[in-house]
Amino acid sequence: MAAPGVYLHLPFCSAICPYCDFAVAVGDAARRRRFVDSLLGEIELVAHDPWRAGEGADPGKPAPGSEAADTIYLGGGTPSLLEPAALAELLAALGRRLDLPSRPWLALEANPEDATAERLAAWRRLGIDFLSLGVQSFDDDALAFLGRRHDGAEARRAVEAALAAGFPTVSLDLIYGLPGQSAEAWRAQLDLAAGLGPQHLSCYQLTVEPGTAFGVRRRRGQLSELPGEAQAELFRLTHERLAELGFAAYEVSNFAASPAHRSRHNRKYWSAAPYLGLGPSAHSFDGSRRWWNRRGLAQWQREVAAGRRPVAGEERLTAEQRALEELMLALRTPDGVGLAGFEQRHGVDLVAANAALCERLSTRGLLRIDGGRLWPTLAGLTVADGLAAEFELAAAGSAPMPRTA
Amino acid sequence: MKHIRNFCIIAHIDHGKSTLADRLIQRCGGVAEREFRDQILDSMELERERGITIKSNSVSLDYQAADGNRYQLNLIDTPGHVDFSHEVRRSLMSCEGALLLVDASQGVEAQTVANLYLALEYDLEVVPVINKIDLPAADVERVREEISEDLGLDPYEAILCSAKKGQGIDEVLEAIVRRLPPPQGDPEAPLQALIFDAQYDVYRGVVMLVRVRQGTLRPGQTLRLMHTGKEYEVEEVGLLRLKKVQRDALQAGAVGYVIAGIKTVRDIAIGDTITDSERPAAEPLPGYKEAKPVVFSSIYPVSTDDYEDLAKALDKLALNDAALTYEKDSSSALGFGFRCGFLGLLHLDVVQERLRREYDLSLILSAPSVRYEIELAGGELIEVDNPSLYPDPAQIEGSSEPYIKAAIMMPERYIGAVMELCRERRGENTTFHYLAVGRVELVSELPLAEVLFDFYDRLKSVTQGYGSFDYEMLDYRPSKLVKVDILINGDPVDALAQLVHEEKARARALHYCERLAETIPKQQFKIAIQGAIGGKIIARTTINAFRKDVTAKCYGGDITRKRKLLERQKEGKKRMKRVGAIEIPQSAFVAVLKTDTD
Chain X
1 MAAPGVYLHL PFCSAICPYC DFAVAVGDAA RRRRFVDSLL GEIELVAHDP WRAGEGADPG
61 KPAPGSEAAD TIYLGGGTPS LLEPAALAEL LAALGRRLDL PSRPWLALEA NPEDATAERL
121 AAWRRLGIDF LSLGVQSFDD DALAFLGRRH DGAEARRAVE AALAAGFPTV SLDLIYGLPG
181 QSAEAWRAQL DLAAGLGPQH LSCYQLTVEP GTAFGVRRRR GQLSELPGEA QAELFRLTHE
241 RLAELGFAAY EVSNFAASPA HRSRHNRKYW SAAPYLGLGP SAHSFDGSRR WWNRRGLAQW
301 QREVAAGRRP VAGEERLTAE QRALEELMLA LRTPDGVGLA GFEQRHGVDL VAANAALCER
361 LSTRGLLRID GGRLWPTLAG LTVADGLAAE FELAAAGSAP MPRTA
Chain U
1001 MKHIRNFCII AHIDHGKSTL ADRLIQRCGG VAEREFRDQI LDSMELERER GITIKSNSVS
1061 LDYQAADGNR YQLNLIDTPG HVDFSHEVRR SLMSCEGALL LVDASQGVEA QTVANLYLAL
1121 EYDLEVVPVI NKIDLPAADV ERVREEISED LGLDPYEAIL CSAKKGQGID EVLEAIVRRL
1181 PPPQGDPEAP LQALIFDAQY DVYRGVVMLV RVRQGTLRPG QTLRLMHTGK EYEVEEVGLL
1241 RLKKVQRDAL QAGAVGYVIA GIKTVRDIAI GDTITDSERP AAEPLPGYKE AKPVVFSSIY
1301 PVSTDDYEDL AKALDKLALN DAALTYEKDS SSALGFGFRC GFLGLLHLDV VQERLRREYD
1361 LSLILSAPSV RYEIELAGGE LIEVDNPSLY PDPAQIEGSS EPYIKAAIMM PERYIGAVME
1421 LCRERRGENT TFHYLAVGRV ELVSELPLAE VLFDFYDRLK SVTQGYGSFD YEMLDYRPSK
1481 LVKVDILING DPVDALAQLV HEEKARARAL HYCERLAETI PKQQFKIAIQ GAIGGKIIAR
1541 TTINAFRKDV TAKCYGGDIT RKRKLLERQK EGKKRMKRVG AIEIPQSAFV AVLKTDTD
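The listed protein sequences correspond, in order, to chains X and U.
So the first sequence is numbered by my numbering: it starts at 1 and just counts up by one.
So the second sequence is numbered by my numbering: it starts at 1001 and just counts up by one.
Structure below.
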């Protein structure tokens, strides 16, 4: 099994974006400092046995993966809002307490307005390998609609400065499928982004979630999402245009100029690798059990202060659930599923158990079966969410438990 | 015998029959105050809820009349709907008189007239009663006029009452004693007792409700059912006073029950005559008619696991409902089920409601069909009520379908709309005549099949709720029948096939295609829905493939959430029926096959 990854959730933002449904918070420097102290506290709490959390923990179970975690992802929220010194403190604590290799792969999410020359240099010194800039758009109107605190010019400046600072990978987050957005307008954004020379792009279609400001506006009829047909067209356009521009998709929303620039950490999520999440709402997975921290900052903080791991819930995946998750995630990647490996892990010959379905899906141009893999086509990726539910996985269960040591 | 009165109450649905019965029972002390509950004769939950009487019931009342004598008043309840007209007939045949109940605000309606004609057919003395006079909308004068004009009865003989408020109840009771004749008959003559209803009792078997016309019925006798010829030994006889009250004998003129070790209601026929096997009557009482189902539908359990439960539930219902017929049926789309026969749409509705409620079954019903007569090329005549048994059209010489005589009453202003509705529904010989001022009765000979498909709804809608409807079976007439298949991506869905008149085929097929297109969710590929006669496509719709359903982000936490969504989706699929490559949700069948019969 792949080595685990560590995720730190740093929830603070200068303001809450109207589309965001992550666990986020707004707070002054003092509150942010208290948060960092609490997170250091959680790192101390998990130090001795990070994979033992919640009621279902197996006593004496060895850590998943034969190696220590080899990626750290600082996500949020807006991690760039924290002082570089605070980030350094957190990384040092992780290194000390989790017995990490001296040089794990490091990712940081940053907002353009925080990407000053001084901070970029500090992040370089921390050893950030993958700097993910929350650009979202270069268009001032779109940025205003999205409630961002930067404009197009600042976004452009930040990208150029980040590239000049010499990070191994600079990635831009872009949002598309805004109400009324035309294919031409979106293509122009893609061309502009790619033209700046980043090594990685994450292009997320706008998803209006209930419980967000956009969700409220939609309920009141003040926000109308792009129709499905137009969304599909923009999805296709994104993949086709970025391919032309030299960015290969490795997941429905993620594109890299070369495999070396892919997000090593995110790929763990998509390949059933173990991960340890710290901070409010963070999820952890040890290969068969998943647990998640309290989402509310105050509740999370209270648990940590009381010396308890701030776990809110957990689940142990059945063999069939493990198979379903792997299939669901693999179908979101153009590489699809390796059939032999899947059968070995889950005891299901996907193609044999779903012969008629595979036949149908390949006739309809959604899947391709070739070289021992099941590959979703671009049309297949467009409908990837529902695709996994079509498959019969009931034979899963006779499969051996995944190796954990 | 001169102190016995056998009577029934006839009324349109909702005109207050059960409430009046309640008051009569209460006034005669037929039930202790604490046992009293509304609509006491309507023992089924469904009857109370819908305000209709499905199973008739009877009760003997002890009444101290103004003339100083005690009378035994046998109230024979009647089902209030035309589907159950054979039961109504049996009940009427057991009486000498009837209270004809008319709602003071609604006035005379189609069923009131139909019921009156039935009562007159059996030579009953009819006493009109205007009920609900306490309502603000009550218009007694208008109703009197309708009683005179529409029914031809003396409006000033009508008794005014409010069963709800208990007003006029004594007047009703006195009229029963004074105006209805006592029963005739000779207790010493050869036995003739009419079975007007039967109930099933888990401990005693069949409890027959009878009216003794001639002779005497007593335990130990060997009775013979004159139409079936079967013989049983009488175990117990008695009166019905809400509970069974055992008696030594039932003499001519009496109404009561007989228990004779009969296992199921299928062993007897309502309307049959009981006689004494030692000294049989020369002939049975007249008017026996077999209750034949006229509406057919296949019932499938939503979950195939429930098939056994459905079978048991039907067996149980049939113990008490001799008119319900059922036999095994199967559909490649819906699995195993039963082809059931009903007396009419209401009967169908009641049976399916009871299966759902009392047996907690989720069901899918195929489109109701009538029974067609089909003449094959060789001259052989067959009956077909199930589209799957429809013969190869090349082998068919001709077909005919059942017609009904529909009587529709409505205020005059709707006559045009209703004539048009009847024309649309292939009505023949449509005529109308004026009743009381401003009211019209329209009579049309309609194919029964046309009434099965949202006719009630349309009638209610075109008359803004003022139209009332009643029908009787007429005869079979030549028809141009076709079988319409519904195809999903080229695969016929057997449960959706229908037999319809040629002229209606296209519209019906299109209706089905459109309903399906609304209810089948988009899938990863385009779905073609077609209606076809043989190889000829007559209607078509398509469901476009959904274009995109992939959410942008899938990070750590999202995985559990997203997997749960998928699991729900997979769970939902288990409740879908697969037709070829397409998963069709149950809701689509329900939406398509739904016919509103209320």
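Here a beta-carbon is modelled for each residue, glycine too, at the ideal position from N, C-alpha and C.
Whose CA, out of the options, lies closest to the CA of residue i?
i        : options                                : result
P1280(U) : P1190(U), L1324(U), V1350(U), R1241(U) : P1190(U)
S1018(U) : V1237(U), Q1184(U), T1078(U), L1334(U) : T1078(U)
L172(X)  : A353(X), F22(X), Q189(X)               : Q189(X)
L1027(U) : G1166(U), E1145(U), R1578(U)           : In the sequence as presented, Leu is not what sits at residue 1027(U); that position holds Arg. Ranking the options by Cα distance to R1027(U), first place goes to G1166(U).
A1322(U) : V1258(U), A1545(U), D1139(U), F1196(U) : F1196(U)
V1370(U) : Q1199(U), E1353(U), T1463(U), S1399(U) : S1399(U)
C1422(U) : F1469(U), L1376(U), G1438(U), E1401(U) : F1469(U)
L331(X)  : R1568(U), R1578(U), T1551(U), L1099(U) : T1551(U)
G1534(U) : V1482(U), T1431(U), A1163(U), E1567(U) : V1482(U)
C20(X)   : V208(X), A158(X), Q181(X), G166(X)     : V208(X)
K944(U)  : S1303(U), F1525(U), H1347(U)           : The requested residue 944(U) does not occur in the structure, where chain U is confined to residues 1001 to 1598.
I1259(U) : Q1199(U), S1298(U), A1269(U)           : Q1199(U)
A1252(U) : Q1569(U), A1193(U), L1499(U), G1016(U) : A1193(U)
Within a Cβ cutoff of 6 Å, which residues of the same chain sit near residue i, ignoring the five residues on either side of it in sequence?
i        : result
G307(X)  : none
F1296(U) : G1341, S1369, D1385
L1153(U) : P1128, I1147
A1495(U) : S1331, A1333, L1334, S1366
F1589(U) : I1364
H239(X)  : A249, L378
Could you name the residues of the same chain whose beta carbon sits closer than 7 Å to that of residue i, not counting the 5 residues immediately before and after it, in chain order?
i        : result
G197(X)  : L163
W123(X)  : P84, L108, L131
A340(X)  : G372
M1226(U) : D1272, T1273, T1275, P1284
R1023(U) : A1163, G1166, I1169
Go ahead and pull the three-state DSSP assignment for residue i.
i        : result
P1190(U) : coil
T1431(U) : strand
A1489(U) : Correcting the residue type first, residue 1489(U) is Asn in the shown sequence and not Ala. Looking at N1489(U) - three-state DSSP - the assignment turns out to be coil, as it is neither helix nor strand.
G386(X)  : helix
P1478(U) : strand
A193(X)  : helix
N1544(U) : coil
F1589(U) : helix
M1226(U) : coil
K1017(U) : helix
N1386(U) : coil
A1497(U) : coil
C1513(U) : helix
D1062(U) : strand
A1011(U) : strand
R1048(U) : Its pLDDT being 47, under 50, R1048(U) is placed unreliably in this model, and the value from its coordinates should be taken loosely. Here R1048(U) sits in helix by DSSP.
G1441(U) : It is Glu, not Gly, that sits at residue 1441(U) in the sequence shown. The answer is strand: DSSP assigns E1441(U) an E or B state.
R1241(U) : strand
A115(X)  : coil
R1371(U) : coil
N1074(U) : strand
I1520(U) : coil
Contact check, residue i vs residue j under 8 Å by CB: the rounded distance?
i       : j       : result
A273(X) : P4(X)   : 7 Å
A379(X) : G365(X) : 5 Å
Beta-carbon within less than 8 Å of residue i's beta-carbon, same chain only, minus the 5 sequence neighbours each way: which residues are those?
i        : result
W270(X)  : E251, L329, A330, R332, T333
V1234(U) : L1217, R1218, P1219, G1220, Q1221, T1222, L1223, V1258, I1259, A1260
V1351(U) : L1317, D1321, L1324, C1340, F1342
Closer than 9 Å, Cβ to Cβ, to anything on chain X: give me those residues from the segment 1545–1557 of chain U, in chain order. From the segment 1545–1557 of chain U, only A1545, F1546, R1547, K1548, D1549, V1550, T1551, A1552, K1553, C1554, Y1555, G1556, G1557 have a Cβ closer than 9 Å to chain X.
The segment 1505–1526 of chain U: which residues have C-beta closer than 7 Å to a C-beta of chain X, in chain order? Q1524, F1525
Between the segment 241–257 of chain X and chain U, which residues of the former have CB atoms less than 9 Å from a CB of the latter, in chain order? E251, V252, S253
Short-range partners of chain U found in the segment 140–152 of chain X, where Cβ spacing is below 8 Å: none
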